[in-house]
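For the sequence shown, position 111 (counting from the first letter as 1) is numbered 111 according to the UniProt record's numbering, and the numbering increases by one without interruption.
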Amino acid sequence: SGSSSVGKIVMAAAAKHLTPVTLELGGKNPCYVSDTCDVQNVARRVAWGRFFNAGQTCIAPDYVLCSVEMQEKLMPALREAITEFYGPNPQESPDFGRIVGDKHFRRLRALLCSGRVAIGGQTDEKERYIAPTVLADVLPSDPAMQEEIFGPILPIVVVANMDEAIDFINARPRPLAIYAFSCDSKVVNQVLERTSSGSFCGNDTLMHVTLTSLPFGGIGNSGLGKYHGRFTFDTFTHHRGCLHRNMGLEALNALRYPPYSQQKLGLLAATFEIKRKGMCTLL
1 SGSSSVGKIV MAAAAKHLTP VTLELGGKNP CYVSDTCDVQ NVARRVAWGR FFNAGQTCIA
61 PDYVLCSVEM QEKLMPALRE AITEFYGPNP QESPDFGRIV GDKHFRRLRA LLCSGRVAIG
121 GQTDEKERYI APTVLADVLP SDPAMQEEIF GPILPIVVVA NMDEAIDFIN ARPRPLAIYA
181 FSCDSKVVNQ VLERTSSGSF CGNDTLMHVT LTSLPFGGIG NSGLGKYHGR FTFDTFTHHR
241 GCLHRNMGLE ALNALRYPPY SQQKLGLLAA TFEIKRKGMC TLL
């Protein structure tokens, strides 16, 4: 588990020994919010997914794609959700974490220049604290959109409609997860069917990884291989094909031994045709 650049180094080292790898790498996970949704529920679910562990999870929604109208509706709802979760001062909340290291803190702080700070933005280097932050009117060229954030900063990029959001997603490396919110199931399904990602979650965040019945893993830059539940066993197990035969019934083998005749070839062809239909196998 790590960044795409480190994943390439690990895979190159493994290739020298022909060792298979399973890589769960980072990704800028997009979150599309349509105009037809319950704004309060979206805000709570997105805020929880983004600011859980101070945003330091590989499957956190990395940025929001929505219309300018939805951006304006989301701001007060997100502010309310953040206050509900972490109180009026998240720095004093026992439920809001800190950034894992000084270098990571400084990198995140530099991203706050993207767009405009609509919520939060406070920092404390001594504590490695960055407040739950929402950036509005972020441009694709802004620093926050150039790398996986992996912190408590949520940029909002304005798009005209769902089609533009899908084009935006597809123009970038395939992420570890894609999120889509809408009261119209057709919208959620359109985002699912017209994009590619390691996983997908409609009308929620993070919860897909809690289900052992679902495979978890990346695709392309976000990794390769799947695990969770039975998928873990299959991924990390060598599936060895084995056959044990009886030493008798040698007469049945006469068909496969030379010399060959048209009659033998005809019988073999008939046998393989029966095998393809799943009726019997002659060895």
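Cβ coordinates follow ideal geometry from the N, Cα and C atoms, glycine included.
Just so we're clear, the structure is a prediction, and the values are computed from it rather than from any experiment.
For residue i, count the other beta carbons within 10 Å of its own beta carbon; 16 or more makes it buried, fewer makes it exposed. Which is it?
i	result
residue 18	exposed
residue 226	buried
residue 6	exposed
residue 68	exposed
residue 257	exposed
residue 281	For residue 281, the predicted model reports a pLDDT of 49, less than 50, meaning its position is unreliable and no value from the coordinates is stated.
I'd like to know whether the C-beta atoms of residue i and residue j end up nearer to each other than 8 Å.
i	j	result
residue 152	residue 132	yes
residue 149	residue 55	yes
residue 22	residue 265	no
residue 331	residue 81	In this structure the chain extends from 1 to 283, so residue 331 is not present and cannot be described.
Does DSSP put residue i in a helix, in a strand, or in coil?
i	result
residue 242	coil
residue 222	helix
residue 116	strand
residue 111	helix
residue 163	helix
residue 266	helix
residue 38	coil
residue 92	helix
Would you please state the rounded distance, in angstroms, between the beta carbons of residue i and residue j? I believe it to be under 8 Å.
i	j	result
residue 204	residue 50	About 13 Å; that fails the 8 Å criterion.
residue 222	residue 27	4 Å
residue 143	residue 111	5 Å
residue 140	residue 157	7 Å
From residue i to residue j, what does the alpha carbon distance come to, in whole angstroms?
i	j	result
residue 249	residue 262	23 Å
residue 231	residue 20	16 Å
residue 229	residue 213	6 Å
residue 128	residue 90	13 Å
residue 62	residue 31	7 Å
residue 114	residue 216	31 Å
residue 79	residue 183	22 Å
residue 58	residue 239	30 Å
residue 161	residue 242	54 Å
residue 121	residue 233	43 Å
residue 101	residue 206	24 Å
residue 185	residue 255	58 Å
residue 283	residue 253	With a pLDDT of 46 at residue 283, under the threshold of 50, the modelled position of that residue is not reliable, and the figure given next carries that caveat. Distance between the alpha carbons of residue 283 and residue 253 is about 7 Å.
Looking at residue i and the ligand SAH, is the gap between the Cβ and the nearest heavy atom below 7 Å?
i	result
residue 60	Questions concerning the ligand SAH fall outside what the structure shown contains, since it holds no ligand whatsoever.
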